[in-house]
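The structure under discussion appears below in the form of structure tokens.
There are 2 protein chains.
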Amino acid sequence: MTHDQGRQRVVIEGVQPEIDGAIFPIKRTIGEEVVVEADAFADGHDALRILLCYRSETAQQWTEIPMTFLGNDRWRASFQATTLGQWHYTITGWVDRFATWRRDLVKKVEAGLDLRIDLLVGATLIEEAATRGTTKDRRILMKWGKDLRSKDIPENDRIHVALSAEVEAVVAKYPDRRCSSTYERELTVVVDREKARFSAWYEMFPRSWSLTAGRHGTFKDCEASLPYIASMGFDVLYLPPIHPIGRTHRKGKNNAPISGPDDPGSPWAIGGPEGGHKSIHPELGTLQDFRSLIEQARLRSIEIAMDIAFQCSPDHPYVKEHREWFRIRPDGTVQYAENPPKKYQDIFPLDFETERWRELWEELKSVIMYWIEEGVRIFRVDNPHTKPFPFWEWLIGGVKQTYPDVIFLSEAFTRPKPMARLAKLGFSQSYNYFPWRNTKSELVQYFTELTQSDMREFLRPNLWPNTPDILTEQLQHGGRPAFMTRFVLAATLGANYGIYGPAFELGEHVPREVGSEEYLNSEKYEIKKWNLEGSDSIREFIGIVNRIRRENPALQNNWSLRFHEVANEQLVCYSKRTSDNSNVILIVVNLSPHHVHSGWLELNLESLAVDPQAPFQVQDLLTNTHHLWEGRRNYVEVNPHSVPAHIFRIRRRIHTERDFDYFL
Amino acid sequence: MTHDQGRQRVVIEGVQPEIDGAIFPIKRTIGEEVVVEADAFADGHDALRILLCYRSETAQQWTEIPMTFLGNDRWRASFQATTLGQWHYTITGWVDRFATWRRDLVKKVEAGLDLRIDLLVGATLIEEAATRGTTKDRRILMKWGKDLRSKDIPENDRIHVALSAEVEAVVAKYPDRRCSSTYERELTVVVDREKARFSAWYEMFPRSWSLTAGRHGTFKDCEASLPYIASMGFDVLYLPPIHPIGRTHRKGKNNAPISGPDDPGSPWAIGGPEGGHKSIHPELGTLQDFRSLIEQARLRSIEIAMDIAFQCSPDHPYVKEHREWFRIRPDGTVQYAENPPKKYQDIFPLDFETERWRELWEELKSVIMYWIEEGVRIFRVDNPHTKPFPFWEWLIGGVKQTYPDVIFLSEAFTRPKPMARLAKLGFSQSYNYFPWRNTKSELVQYFTELTQSDMREFLRPNLWPNTPDILTEQLQHGGRPAFMTRFVLAATLGANYGIYGPAFELGEHVPREVGSEEYLNSEKYEIKKWNLEGSDSIREFIGIVNRIRRENPALQNNWSLRFHEVANEQLVCYSKRTSDNSNVILIVVNLSPHHVHSGWLELNLESLAVDPQAPFQVQDLLTNTHHLWEGRRNYVEVNPHSVPAHIFRIRRRIHTERDFDYFL
């Protein structure tokens, strides 16, 4: 026991949010609230003062605010993180002798006890506060102390002084904190920009977007496609790797082990004679073209997200220049990727167990830094779960120290624990199991876990109904209604979501073979020609939903998600709202792509901020129809062949006769 | 990143049991299992080796045992703590390259791939293990390595060697642990003796046990009472404070503010001219008498538990000798205890905020050490929640470092969080809310929390149906059946329990006033004369239940507690069992002291280790009656006016015709 530890009577424990004993930070976006709770108590029954302390990384001093007592020794306070980067928080508290004394004095006054000694005790406490006060306050406090001691002042008047709010306020400014306790851990919140929480992604292969048939698409072609993408309302344009593609063991169409001379190869087989991760595939254009694309996109409020796949084709410059970064086989060849008995000879994994891991790490970080300096601020990281976890923690931590506005999306379709670990250690957003959550009970269970458990403190889901690797059975068999349904679910269950287009909006649904989730003639291995003007395209519907997302802040968060009962397993109903209830959205989705479904909603009116006694209006933002509802039970009918969902805005106040001038 | 941290690919998290980020230890008694689970995984899909490491405080090295994979990245192993004191545990793990290689080799063999390079890789791994092996094993391993490389040996034979269990076993002895990860926290388990988990307490005021009417009872009288206490089967005899009692402001009968000359005073007003916490009240006898009582009790397998109440009467020697340990009022008097507007002028609390706290702490610890050296090993601590938490942590930690067999019972009838904190910081057992949990739903909810939540790792409840301060309404109004019911609940829900006698066994039930839980003419303020031979005494019933507890190890633990359904709110049904299911006890208690109740049990047969397809026998250990039951639903009827409970021993195997020699 050192110093005054033995007199630190206040215990602080059970702090929330706290991840794994504060080893990992929680996450917020700028301006979001951090609500902190803790158990705080002392021996005996003295009054306590408990403060939440918080500061931005660069602030020298804590800002301290009082915590509110909630009962059962629990306290709560909150703060807003107003700048990007790391913020810290902790809790401190002490026994407040003056507040204890005041509280007891009130009881003694009520019981009519002799207060002479008590007033002297109070005078001493006030005078002790005076020694800690400013010159001006010290004078005032000494005066009050003297008054409390004065036999010339009637006892009632002295009691009046002792219990005055004025005395309370000034004494409280100068507490005796010598024996205060501070929680043993300093907690961290990583503050990201808003796009980490609210974003709509569009993935496309630039090489398929040529305006001239038969020519390899370029960044210039991408620029030309921006109006199309902007018309649908996306704000992130994610491009698969843009680097030179290897020739050795290049994959042909449909992942064939042998390619023809015209096969473009998989963009994830990175590196060739033209360069590696810091180079651009010549057929896409120049670095200047890429810069131009970033700029043109920016003018349409679209950001470019870059793919980071830390692996090499056999032709990558690293293979020659840094053989020590690869595992060498006994025959002197470089170990290719394998998942026995499957071989992926077009890919050499980097060997993170190399003795030269420090140099490897630095080089990979320099790749990210290179593209950041070219203007990229969003990285979609390919298979992070196949590289060591400490590497990512170091990389993301280091990058964000300089560039706190950078967003990393983790593409780890892996087991729950590694997926969560990547989110904890720093990834801003995470792909997740949404593609395979299709039934009502699956959706309710999974999204309750994602949005109501501790996981929400660190894992921000990004919902993708499809990707170039994932064409789900639901999409293979459900036709246009399935695409619309899965789109509405992604865009309203998730504040962050994305689609791989134009395969998605055009309803591309044929798998390579029965039981496969790979696309037939996948764009990963060949250049496609898309007919964007196809009459079945759901691009307009996408545009409407994205506009609704932008106009309704309720859809820009996940934590307010609440499911409502409907006695029909094909109808799922949920709501989201803003913290001030100024915007409340209720969504009903028909999960069947085949049949019209109807049912009676059993609404949780409290979570909709609706008065159970008054009628309310709901406006379907998809069809602009209005319904007058009242109470919990209300009827809905959803036809998948027209619009497979309702997105209702709750309008609580409706007109009555009292709203008219001529009433009365 | 230092050293090889960057290559530590295994992540270890989610370790259980772990209390508050390993700030506090868990608790076990000697021989009990510590089952440890953790999430452990690495990037990619390599095979892992995960070990549980444990050691006693004095061991120089960890004992390591492999953990078993449970699925979902979860691992489990367990160990037994075989000596008293602190034990430590943590988890370590690494990527097992040889196991990965073997696993992949099997797949490649099955797929008929070319294995030439793979066998060379395996040879290298075996040879690397050889460099870490003993001379003998090194020779064997080098031979196997050579075999794997040998072109003279047919490939099939080489594969056979590579996959042999022998090679696996020897290579596994010499793993490459350079890049192993160890969980960042070392966890602690405090190992107590069995009595910390399983004990039956009897509280008595020695002064009321005089064999001569009108004389103050003595330790000698206590010795004479030992056969009576032993006949009921108790193994802890707890005495209220045995120190000199103050005279100043001594309380009279029924807590009267003024006492008469013959009033003995409350034993908790400690200290007089004869001495303080290290002295014995002269009327009880001498130190020699106390030693004799401890010895005589020991011969009957009863331990003496001493009361520790760190507070002083105004006549305590500390008040003169150490005024700096008390708070002094402005008029120069010592601050007495108060709970405004109530005053307790017979008690001076110690001021733990004194500048001299270190000396105060040392003195109080010396009190405990003094009595330990006199042979006391169990302390019941009065109101620990009114002294600082860090004090107890220091005191208990320090005492147990030298005397790991000491047991501390926390008497903190306070709010849940401080109660739990005292248990976390070191108290071996805890009084709790059992006195006020009377209805079925109250009992089910509270005991599920106590025995199935994380709380069980550190808080061992000690169940008291009454104390000198607590005569519950249930006991006031329920008559003899209520006493029997509450006794059975205490003795079977809790492996640790106690009663304040003879008030309890004699059914003392009159409160000081309506609405009070204080006894009328409480023994706290006067000497009582008990008629132990009263015909209503439940002493025989108590003796039977305590014998059942001793004979049935199922009742000696709390963790196996499971409640079973009965469609009658007045019947509560629960079971306990040993970990090997060799002893399974099922209890049914009628909570109504007035009416016969009956109902159909809905047994959870799995938790009774009963085959749902076969009949089984239950033997009521209270009445020695036998019943033949089958399946979940079985009928019971309980009459509170005879025996208000069943304590069934489940006898799974019953005789059939096949058991007889003449069958067939």
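So the sequence lines, in the order shown, correspond to chains A and B. First residue of the first sequence: 1188, per the working numbering; consecutive thereafter. First residue of the second sequence: 1188, per the working numbering; consecutive thereafter. Even for Gly, the Cβ is constructed at its ideal location relative to N, Cα and C.
Cβ of residue i within 8 Å of Cβ of residue j?
i                  : j                  : result
Ala1246 of chain A : Val1198 of chain A : no
Gly1276 of chain A : Leu1328 of chain A : In the sequence as presented, Gly is not what sits at residue 1276 of chain A; that position holds Tyr. No, the Cβ-Cβ distance between Tyr1276 of chain A and Leu1328 of chain A is not below 8 Å.
Gly1452 of chain A : Pro1504 of chain A : no
Gly1702 of chain B : Pro1780 of chain B : no
Tyr1618 of chain B : Asn1649 of chain B : yes
Pro1577 of chain B : Gln1498 of chain A : no
Lys1529 of chain A : Tyr1712 of chain A : no
Lys1763 of chain B : Leu1778 of chain B : no
Arg1567 of chain B : Ser1615 of chain B : no
Kindly indicate if chain B contains any beta-carbon less than 8 Å away from that of residue i.
i                  : result
Val1308 of chain A : yes
Asn1180 of chain A : Given a span of 1188 to 1851 for chain A in the structure shown, any question on residue 1180 of chain A remains unanswerable.
Phe1228 of chain A : yes
Arg1667 of chain A : no
His1572 of chain A : yes
Gly1320 of chain A : no
Arg1608 of chain A : yes
Asp1723 of chain A : no
To the nearest angstrom, report how far apart residue i and residue j are at their CA atoms.
i                  : j                  : result
His1489 of chain A : Ala1417 of chain A : The sequence given here has Ile at residue 1489 of chain A, not His. Looking at the two C-alpha atoms, the distance is approximately 8 Å.
Leu1292 of chain B : Gly1519 of chain A : 20 Å
Glu1200 of chain A : Gly1786 of chain B : 45 Å
Asn1739 of chain A : Trp1455 of chain A : 37 Å
Trp1396 of chain B : Ala1690 of chain B : 12 Å
Tyr1531 of chain A : Glu1752 of chain A : 48 Å
Glu1373 of chain B : Ala1209 of chain B : 7 Å
Leu1773 of chain B : Val1223 of chain B : 29 Å
Ala1316 of chain A : Tyr1241 of chain A : 25 Å
Phe1477 of chain B : Phe1406 of chain B : 6 Å
Leu1547 of chain A : Asp1533 of chain A : 21 Å
Arg1394 of chain B : Ile1714 of chain B : 6 Å
Thr1541 of chain A : Phe1674 of chain A : 44 Å
According to the neighbour-count rule (16 or more other Cβ atoms, all chains shown, within 10 Å of its Cβ), is residue i buried or exposed?
i                  : result
Asn1259 of chain A : exposed
Ala1496 of chain B : buried
Ala1356 of chain A : exposed
Tyr1822 of chain A : exposed
Pro1444 of chain A : exposed
His1436 of chain A : buried
So with Cβ pairs under 8 Å, would you call residue i a contact of chain A?
i                  : result
Cys1366 of chain B : yes
Glu1546 of chain B : no
Phe1578 of chain B : yes
Leu1719 of chain B : no
Pro1431 of chain B : no
Ala1298 of chain B : yes
Ile1313 of chain B : no
Ile1481 of chain B : no
Asp1291 of chain B : yes
Ile1854 of chain B : As shown, chain B starts at 1188 and ends at 1851. That puts residue 1854 of chain B outside it, with no answer to give.
Gly1462 of chain B : no
Lys1294 of chain B : yes
Please confirm whether any heavy atom of the ligand COA lies closer than 7 Å to the CB of residue i.
i                  : result
Val1358 of chain B : Among the ligands in the structure shown, none appear at all, so the ligand COA cannot be discussed.
**OP:** Give, in chain order, every residue of the stretch 1521-1541 of chain A whose Cβ lies closer than 8 Å to some Cβ of chain B.
**Re:** For the stretch 1521-1541 of chain A, the set of positions with a beta-carbon nearer than 8 Å to some beta-carbon of chain B reads Glu1525, Asn1526, Pro1527, Pro1528, Phe1539, Glu1540 in chain order.
Original post:
Which residues, taken in chain order from the stretch 1193-1214 of chain A, show a beta carbon closer than 8 Å to some beta carbon of chain B?
Top reply: For the stretch 1193-1214 of chain A, the set of residues with a beta-carbon nearer than 8 Å to any beta-carbon of chain B comprises Gly1193, Arg1194, Gln1195, Arg1196, Val1198, Glu1200, Gly1201, Asp1207, Gly1208, Ala1209, Ile1210, in chain order.
Original post:
Which residues, taken in chain order from the stretch 1236-1261 of chain B, show a beta carbon closer than 9 Å to some beta carbon of chain A?
Top reply: Along the stretch 1236-1261 of chain B, the positions whose C-beta sits under 9 Å from a C-beta of chain A are Asn1259, Asp1260, Arg1261, read in chain order.
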